[in-house]
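Worksheet for the structure shown next.
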Amino acid sequence: MSYYTIHDKNSYLRILNQINLDRNSSSCGSVDRSYWGWKKKDFSDITLQFAIMPLLKKHVSEIDIKTIFQKVMDFTLKNIWADGTCDQSYPHEKHPKTFLDIVPLFVTMIEDFPHFFTEKELAKARSILKKGVLYSLKYPESYAVISNHIAHDAY
174 MSYYTIHDKN SYLRILNQIN LDRNSSSCGS VDRSYWGWKK KDFSDITLQF
224 AIMPLLKKHV SEIDIKTIFQ KVMDFTLKNI WADGTCDQSY PHEKHPKTFL
274 DIVPLFVTMI EDFPHFFTEK ELAKARSILK KGVLYSLKYP ESYAVISNHI
324 AHDAY
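Below, the structure is given as structure tokens:
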């Protein structure tokens with residue numbers, strides 16, 4: 174079953190609010206941590222690229238979805254490192270969290286909509302997916318072990 178078919182219009186707000194949510198924050202969504210303010214000008218957020226996908230499935234024509242999927246695939250392939258990791262909060266993080274966040278949607282894109290992509294793109298995407306899964310199995314999650322998270326917990 175496609176990731177998108179699990180959700181309906183009533184769950185969009187919940188889905189979007191789960192992305193990068195600081196559970197201690199009174200705000201919601203992906204911008205509830207003030208330290209993220211610098212990111213937009215430095216590099217884009219891969220997780221947020223995928224936040225739009227459930228909305229697209231319900232409200233956009235297949236032609237438009239194809240165009241957007243291709244742009245998301247291009248962005249993702251450009252920003253995932255050769256070992257399958259990708260950056261979330263700062264460059265060269267090398268942890269599996271962000272990759273694991275996008276796996277369901279990434280799999281849906283390459284398995285349910287292969288006709289949207291070239292064989293070369295699909296081969297590269299599957300290779301990166303495999304490397305990312307292997308990396309995630311080999312290395313423990315360390316995303317929270319960065320200074321701002323430690324400082325927040327200490328506070």
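Numbering of the sequence shown is given in our numbering, commencing with residue 174 and proceeding in unit increments.
The C-beta atom is built at its ideal place from N, Cα and C for all residues, glycine as well.
Could you tell me which uninterrupted alpha helix (DSSP H) segments, each at least 4 residues in length, are contained entirely in the region 273-315, listed from first to last along the chain? 292-311
Less than 8 Å separating the beta-carbons of Cys259 and Thr271? yes
Quick one: is Glu255 buried, meaning 16 or more other Cβ sit within 10 Å of its Cβ, or exposed? A quick correction: the sequence has Ala, not Glu, at residue 255. With fewer than 16 Cβ atoms within 10 Å of its Cβ, Ala255 is classed as exposed.
Which partner residues of Ile253 appear in the DSSP bridge assignment? Cys259
Under the assumption that Pro250 contacts Ala296 (Cβ atoms under 8 Å), give the Cβ distance between them as a whole number of angstroms. What sits at residue 250 in the sequence shown is Leu, not Pro. Between Ala296 and Leu250 the Cβ distance is about 11 Å, and since that is not below 8 Å, they are no contact.
Closest by C-alpha distance to Val280, when choosing among Asn252, Ser309 and Met246: Met246
How many Å lie between His268 and Tyr308 at the Cα? 9 Å
In its own chain, which residues sit with a C-beta less than 7 Å from the C-beta of Phe242, not counting the 5 before and 5 after it? Met282, Phe286 and Phe289
Distance, Glu294 Cα to Lys334 Cα: Shown here, the chain extends from 174 to 328; a query on residue 334 therefore has no answer.
Specify the secondary structure class of Lys267 as computed by DSSP and reduced to three states. coil
Whose C-beta lies closer than 8 Å to the C-beta of Leu302 among residues of the same chain, with five residues either side of it excluded? Gly257, Val276, Phe279, Val280 and Ile283
What's the C-alpha gap between Met174 and Ile238? Here the model assigns Met174 a pLDDT of 48, short of 50, so the residue's position is not dependable, and the following value carries that caveat. Each residue's alpha carbon lies about 18 Å from the other.
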